[in-house]
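Just so you know, our numbering puts the end of the sequence shown at 771, numbered straight through with nothing missing.
Even glycine gets a Cβ: it sits at the ideal position worked out from N, Cα and C.
As the structure is a computational prediction, the values presented were derived from the model and not from experiment.
Each remark here refers to the structure printed beneath this line.
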Amino acid sequence: MSSQRSKALGSLPAIFTTLVLLGSPATLWSQVEWTGVTPNVFGPGESGSWDSTRFRAHTLLKEDESGEYRLWYMGSAVDPDEYELGWQVGCASTEDLEDPLAWSRHEANPCLAFPGPSWDLGAFGLSVLRDDAAGPGEKYKMWYGGTRGGRRISIGYATSPDGLSWTRFSDRPVLEADQAWEGQAIAQPAVVFDGAMYRMWYMGSTNLDDQNTWLIGYATSLDGIEWTKHESNPVLRPGGADSVLNWPHVRFDAASSTFEMWYTLWVDSGGSVRTFGYATSIDGATWVKHPGNPLFFAGEELNRHLSGPVLREGDTYHMLSNQPPFPGLAASYATSPWTIPNASFTVSSQSLTCADEVQVDASRSAAPTSVGSYSWAFGDGTTASGVKASHGYAHPGRYLIQLTVADASSGDEGVAALPVEVACCRGDVAPWTSADIGGPRISGGARLEGSGAQACVAVCAGGSGITGRSDQLHLVYQELAGDATLTARISDLSGGVGLAARAGLMVRETLDPSSRHGAVFAQGSRFRWVSRKDGGGSSRQTSGGTAALPAWLRIERQGDEVIGSSSADGLSWTEVSRQTLAGLAEKVHVGIAATGGDPGGSSAFQALEATFCEIALSQVARFRRGDTDGSRDLTLTDAIALLGYLFLGTAAPACQDAADADDDGELSISDAIFNLGYQFLGTRAPPPPGPNDCGVDPTDDALPSCVPARC
């Protein structure tokens, strides 16, 4: 490092914050007061230097051997467009974070420059880790937002033996924007290593110029190079106290397996009031914002200061907040002690069956003096007290278990939370089959209530919905060939979230989430028709009038057409809608469909539950007269198949009405003679339906019903 000193740049008011942390095992730390504030300890360089105009602090580490603090930051000698080219990476160090004159810049700065040509022509956000287990050339690892110009930003990767001389990884980014919410830009990475996995949080936006579109995503990696984005992305959105959020800074606490995030928060969408917010997570994907956000400097609630790197030593937090004047920015320094109890607990399982009880244990909690009380809230209105407790849930769904512990001396409280998911109960539904479609997070189920013809089907479902290009639902079905009609009375409907929650009857071509289908539902106070004409295409929805339960629903498959109807009494029917599914498969899935409208994430959710009674399933057998072997044509093999059955003991025809070529109500050699006469001697054709038509038997006879099949 050179001996060049940074310049003092202005004044900074005191900081006052309240920060809350949740962990898994769920642990809460809360910093209630930032003290020892030193304004503008580091910032833009001297006039004419490469970083003389713009500055932003990003990663702060402490070297155990030397006790030196090291900072990696973005700087620029020009005033670049906020998201375009011009930013480069600088390195600095100090032995005293609060002394502006103790800081020195690396003599070879910028320590990571972007001379081009390459995919990355500038930096936009960065995160550095020290990895003592890595090879000598990779002791320090950096992830950075690499700008390409034109509002295109991806995540790049670089390594260094000393944190000063950096080598960029190949000539490609390691993570790119490829989801709709990300647009063309993902930037501002914050990376931690938890001992087994690299975890990254980053900003994405469909339009960088519209700050209201900024969201935080999450990805994981085993090697820091190949990344997998989380299925629940984006994991942090504006809301509550913050109209806009970005610039995440994350630290991992190994003692509690907890993630803490500080992020820039816009109190108003115009950005005239900027400050920082605080959030915590137990798994990296489910974040809880501190209820005291936004966190202002003491005595000044209308100012602008941005999130910056945070380092913890013992029970003291060190923060370098990025502080105006704009556009240059400067780092101001503050510390905060840990003062609030650590509320910590484990659960026996976060994935429960409907019969399970969850066991919770708060014995790992701690307080500045001692823990005076333990209070539990299980998310369904039930509470308990004590170090350990157990609880069973009456309804399937997702629940947030919350623990509050109080310090025995001060009474200060610490809070921790952890979600659990309870699957639906399942039972025997024969002759039906019960299955989830689309991988709902809350597993669905069904069971029979009663027996015989009076049996009802109770169905329970999670799932995000039956809409768009892909569905998540629970289906209780029979696989049937040919035309069919299913009728049922839906007697009750509870649970679920919003208009996506619905239960009804469906004809579905396959069990694929994007399958073609037609379905009629009870949804809240209305009937609803939903269909997907093309596999993988968008679904169509139609309102079917007011619904008051109990109500009757009917779904019909007639060739390639699916028809849905509703009734208030089961006698007088009103068609809701119909859909032609050209070339519909011979066999389809006909049954009861339900979905809960699960919002996902850690949101509270109670699964949808509905009961269907008076269930009637009927089929219409269609065949061609004389088509004994079901080939859909009359050939010599039809007569041979019948003769083999009559005289050689071969299998009976699948449709004996079809084999009854002369329609006399019985199978005999005369049917084979009649068939052969028509085919080869020009005698009269077999009676209807056939041989050229596919239809139903117009006569009533004693032959067994045909297995329905398209013909």
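Beta-bridge pairing by DSSP links Tyr-393 to Thr-98 and Leu-380. With a 10 Å radius around the Cβ and a threshold of 16 neighbouring Cβ atoms, Asn-272 comes out exposed. Going by DSSP, Ser-136 is part of the beta strand (DSSP E) stretching over 129-136. Below 8 Å, enough C-beta pairs join the region 229-237 and the region 201-216 to call them touching: three or more.
When the beta-carbon positions are compared, Asp-722 and Asp-731 come within less than 7 Å of each other.
Met-260 is bridged by DSSP to Val-251 and Ala-279.
Residue range 696-703 is occupied by the alpha helix (DSSP H) that includes Ile-700. Under the DSSP definition of a beta bridge, Gly-578 partners with Val-567 and Ser-591. A contact between stretches requires three or more CB pairs, one per stretch, nearer than 8 Å, and the region 606-625 fails this requirement with the region 463-474.
Burial of Thr-547 is indicated by the presence of at least 16 other C-beta atoms within 10 angstroms of its C-beta. The DSSP assignment places complete beta strand (DSSP E) segments of no fewer than 3 residues inside the region 280-351 at 287-289, 304-313, 318-326, 334-341 and 347-349, in order along the chain. For Ala-415, the three-state secondary structure derived from DSSP is coil. The shortest CA-to-CA distance from Gln-532 to any of Pro-500, Cys-520 and Gln-538 is the one to Pro-500.
For Gln-739, the secondary structure class from DSSP, reduced to helix, strand or coil, is helix. By the Cβ criterion, the region 335-354 is not in contact with the region 100-111, since fewer than three pairs of Cβ atoms, one from each stretch, lie closer than 8 Å.
Taking 7 Å as the cut-off, the Cβ atoms of Pro-308 and Thr-335 do not count as close.
If you look at Asp-629, you'll find it isn't in any beta strand (DSSP E); DSSP assigns it neither H nor E. Rounded to whole angstroms, Ala-667 and Ala-506 show a C-alpha spacing of 12 Å.
Bounds of the beta strand (DSSP E) holding Asp-543 are 543-554. Residue environment: Lys-201 is assigned as buried (16 or more neighbouring CB atoms within 10 Å of its CB, all protein chains considered). Three or more Cβ pairs closer than 8 Å define a contact, and the region 417-424 meets that threshold against the region 449-460. Counting along the chain, Asp-717 sits inside the alpha helix (DSSP H) bounded by residues 716-719.
For the 7 Å CB-CB criterion, Ser-425 and Ala-403 form a contact. Just so you know, the alpha carbons of Asp-472 and Tyr-434 end up roughly 12 Å apart.
Counting the other CB atoms within 10 Å of its CB gives Val-251 a total of 16 or more, which places it among the buried residues. The Cβ atoms of Asn-293 and Met-263 do not sit closer than 7 Å to each other. Contact between Ser-599 and Val-590 holds, since their C-beta atoms are separated by about 6 Å, short of 8 Å. Contact between Tyr-133 and Ala-152 holds: CB atoms are separated by about 7 Å, below the 8 Å threshold.
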